[in-house]
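Here our numbering = 1-based position in the sequence shown + 779. For glycine and all other residues, C-beta sits at the position ideal for the given N, C-alpha and C.
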Amino acid sequence: MSVHYERIALIGLGLIASSMHWAIKRGNLGAHVVGYARSAETRDVAREIGLCDTVVDSLAEVVRNADLVVLAMPIGAMEDVARNIAPHLKPGATVTDVGSVKRAVIEAVAPHIPDGVHFIPGHPLAGTEHSGPRSGFAELFDNRWCLLVPDESTDPDALGRLTEFWEALGAHVDVMDPDHHDLVLAVTSHAPHLIAYTMVGVADDLRRVTDSEVIKYSAAGFRDFTRIAASDPTMWRDVFLTNKDATLEILGRFTEELFALQRAIRTGDGEHLFDYFTRTRAIRRGIIEAGQDTAAPDFGRGGSKG
Ligand code: NAP
């Protein structure tokens, strides 16, 4: 495998960055990986488990001479990090990110990127409910999409290199406009997470009434919601604060559909319910056919993939 970047800086050493590191090593990409996280505790864990070839203690050090810099921390922290690394970036380097929202990241980061450094936002559509430096694994991106968000001024060579890099980590790459990205993700990820958080919150309130039966008899539907609702609170707070419009738009539509289903239940309109559930079942089949999940009873997660 060819060397895409000689020196790669991972800033933030959680699920996504640690998975990137293990996938870089699995692919024998030949890069020297340098890592940095905010807390000394996380940096110590990284050193202990061999996460990154070198772990350093400052933002200035992590980006020094790096050919690729990956911002892999919660979205709310990205502007500060971008401001602090800017004076230390190597001319000709590429800066990318893995944030789950794109328009807000571009507005926060792009103004700080100096001339001569390429900024190409990105988002790997892969994750689990786990977080932190110990949660990553090399297969996370296999057969998953990574969306890159260049603009008209993006250097085609830099984009080509980043595309090949993500492909070497196992992902398929597509290019998307930031606003379209944020709308698509509001439908496929952000609104579903909010609904899961709500459902688990409601069940928790009810638990006081049902005396822990919610936990004891937890069935597949509720269990799946709890898995999603166990996701990192900081990351998801930032997603909703930064993808406000698209999420509210989708939640508005969701509420209308929910009212229609509520009415069908109240009026005993079985045909409406049956037709609706038939339509949604076809979507599940489509996802399996597209290779984005398996038909196994545990949704093929085996406790890992999200
Ligand atoms: P994570 O496991 O919670 O780890 C976050 C990391 O960022 C931690 O190492 C944390 O350091 C570090 N960090 C926080 N603030 C920082 C700062 N100011 N400077 C430097 N490092 C800082 O996070 P993750 O799940 O990998 O998510 C990272 C990004 O990927 C987020 O933007 C998220 O939207 C995106 N993403 C997540 C998923 C998912 O399913 N998890 C999927 C796709 C994309 P400490 O440990 O020292 O606090």
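Can you tell which of the options has its C-alpha closest to the C-alpha of residue i?
{"i": "Asn1022", "options": "Phe1053, Ile790, Leu973, His1051", "result": "Leu973"}
{"i": "Ala802", "options": "Asp921, Ile1062, Lys995, Phe1004", "result": "Asp921"}
{"i": "Gln1071", "options": "Leu919, Tyr1055, Pro929", "result": "Leu919"}
{"i": "His951", "options": "Gly901, Tyr815, Gly1000", "result": "Gly901"}
{"i": "Arg786", "options": "Leu847, Asn807, Glu827, Ala816", "result": "Leu847"}
{"i": "Val860", "options": "Ala839, Thr1026, Arg1042, Pro929", "result": "Ala839"}
{"i": "His891", "options": "Ala965, Arg1045, Leu1027, Val874", "result": "Val874"}
{"i": "Val841", "options": "Lys804, Glu1068, Tyr815, Ala851", "result": "Tyr815"}
{"i": "Phe916", "options": "Ala905, Gly855, Leu926", "result": "Ala905"}
{"i": "Pro870", "options": "Tyr784, Ala982, Val877, Ala845", "result": "Ala845"}
{"i": "Ala851", "options": "Arg843, Arg817, Ser997, Asp836", "result": "Arg817"}
{"i": "Arg826", "options": "Met955, Glu1028, Ser797, Arg805", "result": "Ser797"}
{"i": "Gly949", "options": "Leu792, Ala788, Met799", "result": "Met799"}
{"i": "Glu886", "options": "Leu868, Ala856, Pro903, Arg913", "result": "Ala856"}
{"i": "Arg923", "options": "Ile1066, Thr1046, Ala1075", "result": "Ile1066"}
{"i": "Ala889", "options": "Arg805, Ser914, Pro929", "result": "Pro929"}
{"i": "Tyr784", "options": "Ala1061, Ala810, Pro903, Ser914", "result": "Ala810"}
{"i": "Thr1026", "options": "Cys831, Ile1044, His969", "result": "His969"}
{"i": "Val966", "options": "Arg805, Gly1031, His1051", "result": "Gly1031"}
{"i": "Asp894", "options": "Arg1064, Ala872, Asp876, Ser914", "result": "Ala872"}
{"i": "Leu789", "options": "Ser997, Ile1062, Asp876", "result": "Asp876"}
What is the DSSP secondary structure of residue i, counted as helix, strand or coil?
{"i": "Thr1073", "result": "coil"}
{"i": "Gly809", "result": "coil"}
{"i": "Gly829", "result": "coil"}
{"i": "Thr933", "result": "coil"}
{"i": "Asp859", "result": "helix"}
{"i": "Phe916", "result": "coil"}
{"i": "His783", "result": "coil"}
{"i": "Val884", "result": "helix"}
{"i": "His969", "result": "helix"}
{"i": "Val835", "result": "coil"}
{"i": "His951", "result": "strand"}
{"i": "Ala1008", "result": "coil"}
{"i": "Asp1024", "result": "helix"}
{"i": "Ile892", "result": "coil"}
{"i": "Leu868", "result": "coil"}
{"i": "Asp1048", "result": "coil"}
{"i": "Gly911", "result": "coil"}
{"i": "Ser798", "result": "helix"}
Tell me residue i's beta-bridge partners as DSSP assigns them.
{"i": "Tyr815", "result": "Ile790"}
{"i": "Asp876", "result": "Leu850"}
{"i": "Pro903", "result": "Cys925"}
{"i": "Phe898", "result": "Val874"}
{"i": "His959", "result": "Partner(s): none; His959 has no beta bridge."}
So, does the stretch 938-951 touch the stretch 1037-1045, judging by three or more C-beta pairs under 8 Å? no
Are there three or more Cβ pairs, one per stretch, closer than 8 Å when the stretch 956-965 is compared with the stretch 877-893? yes
Would you call the stretch 909-919 in contact with the stretch 928-935, where contact means no fewer than 3 C-beta pairs closer than 8 Å? no
At least 3 beta-carbon pairs within less than 8 Å: the stretch 968-985 vs the stretch 1001-1008: yes
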